[in-house]
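>
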Amino acid sequence: EVQLQQSGPELRRPGSSVKLSCKASGYSITDYLMHWVKHRPEHGLEWIGWIDPEDGETKYAQKFQSKATLTADTSSNTAYMQLSSLTSEDTATYFCARSEGMTKFDYWGQGVMVTVSS
Amino acid sequence: DIVMTQGALPNPVPSGESASITCRSSKSLVYKDGKTYLNWFLQRPGQSPQLLTYWTSTRASGVSERFSGSGSGTYFTLKISRVRAEDAGVYYCQQVREYPFTFGSGTKLEIK
Numbered sequence: 011e012v013q014l015q016q017s018g019p020e021l022r023r024p025g026s027s028v029k030l031s032c033k034a035s036g037y038s039i040t041d042y043l044m045h046w047v048k049h050r051p052e053h054g055l056e057w058i059g060w061i062d063p064e065d066g067e068t069k070y071a072q073k074f075q076s077k078a079t080l081t082a083d084t085s086s087n088t089a090y091m092q093l094s095s096l097t098s099e100d101t102a103t104y105f106c107a108r109s110e111g112m113t114k115f116d117y118w119g120q121g122v123m124v125t126v127s128s
Numbered sequence: 142d143i144v145m146t147q148g149a150l151p152n153p154v155p156s157g158e159s160a161s162i163t164c165r166s167s168k169s170l171v172y173k174d175g176k177t178y179l180n181w182f183l184q185r186p187g188q189s190p191q192l193l194t195y196w197t198s199t200r201a202s203g204v205s206e207r208f209s210g211s212g213s214g215t216y217f218t219l220k221i222s223r224v225r226a227e228d229a230g231v232y233y234c235q236q237v238r239e240y241p242f243t244f245g246s247g248t249k250l251e252i253k
């Protein structure tokens, strides 16, 4: 059974950074792209970017180019997203999602809440 | 960026009735391979989004036949037949035709 297990909720100060994890089970992460999506209730869903864990290739939405860094560790079958220079605008739930091909987002993690507050 | 605009529903929708959600894109979602890259998702309260359909009308694995996607170019519809309580949540369309991938603002479905 395919599962994406994300790390627990995070509370960070403005200006700091956070690294979120997404551990895959039931398949090898090198066989699929991993996307990250941001969700704020008043803003809906925003696509951040994807990583190809097989070779580390990444693609970001321009808006998140300097905010997010996507990496993957094939030995632990885990994808990561680091968010830097956190502000209140980064307070959101973040999802990882696998895609078959580049566009079929077929499995999602449960989401992780990041709160940025002083 | 491609802007996705979703219509609203006349909530609440009586159980057993049908509901149709519209989604309009600011640019054609037809790619050079002939496919139309439009996804539909349902996000139930407190859950992650669930893929319902991709390539406009292909149902994802395990998705009920009560969900049917249609449309072409820039205008799309998700029809939910015989709605049930479990269909409640927020529905999102998403274009994956070009970067950055973008979502509609969501359409809430409430069941009576």
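First to last, the protein sequences are chains A and B. Just so we're aligned, residue 11 is where the first sequence starts under the working numbering, counting upward by one. Just so we're aligned, residue 142 is where the second sequence starts under the working numbering, counting upward by one. Note that CB positions come from ideal geometry on N, CA and C, so glycine has one too. Note that this is a predicted model, so its numbers are computed, not measured.
Where do the ends of the beta strand (DSSP E) carrying lysine 253 of chain B lie?
Note, lysine 253 of chain B: premise wrong, no beta strand (DSSP E); not H, not E.
> Below 7 Å between beta carbons is the criterion; list the residues of the region 190–220 of chain B that meet it against any residue of chain A, in chain order.
The residues in question are Pro190, Leu192, Tyr195, Ala201.
> Any beta carbon from chain B within less than 8 Å of lysine 114 of chain A's own beta carbon?
With 8 Å as the cut-off, lysine 114 of chain A counts as an interface residue toward chain B.
> Please report how far the alpha carbon of alanine 82 of chain A lies from the alpha carbon of serine 166 of chain B, in whole angstroms.
Looking at the two C-alpha atoms, the distance is approximately 33 Å.
> Please decide whether tryptophan 46 of chain A counts as near chain B, where near means a Cβ-Cβ distance under 8 Å.
No, tryptophan 46 of chain A does not count as interfacial toward chain B.
> In terms of DSSP beta bridges, what is leucine 14 of chain A paired with?
Partner(s): A:Ala34.
> Taking the C-alpha atoms as reference points, what is the distance between glutamate 206 of chain B and serine 222 of chain B?
Glutamate 206 of chain B and serine 222 of chain B: Cα-Cα distance of roughly 9 Å.
> Are there three or more Cβ pairs, one per stretch, closer than 8 Å when the region 178–197 of chain B is compared with the region 229–246 of chain B?
Yes, since at least three Cβ pairs between the region 178–197 of chain B and the region 229–246 of chain B fall closer than 8 Å, the two stretches touch.
> From the beta carbon of threonine 243 of chain B, is the nearest beta carbon of chain A less than 8 Å away?
Output row for threonine 243 of chain B: interface = yes.
> In the DSSP output, which residue or residues are listed as bridge partners for tryptophan 46 of chain A?
According to DSSP, tryptophan 46 of chain A bridges with A:Gly59, A:Cys106.
> For the candidate residues A:Ser128, A:Gly121, A:Val126, A:Ser86, whose alpha-carbon lies nearest to that of glutamine 188 of chain B?
For the residues A:Ser128, A:Gly121, A:Val126, A:Ser86, the minimum Cα distance to glutamine 188 of chain B belongs to A:Gly121.
> Distance cutoff 8 Å, beta carbons only. Does asparagine 180 of chain B sit that close to anything in chain A?
Taking Cβ atoms only, chain A reaches closer than 8 Å to asparagine 180 of chain B, which makes this a yes.
> Between tyrosine 232 of chain B and chain A, is the shortest Cβ-Cβ distance under 8 Å, so that the two count as touching?
Answer no: the Cβ-Cβ gap between tyrosine 232 of chain B and chain A never drops below 8 Å.
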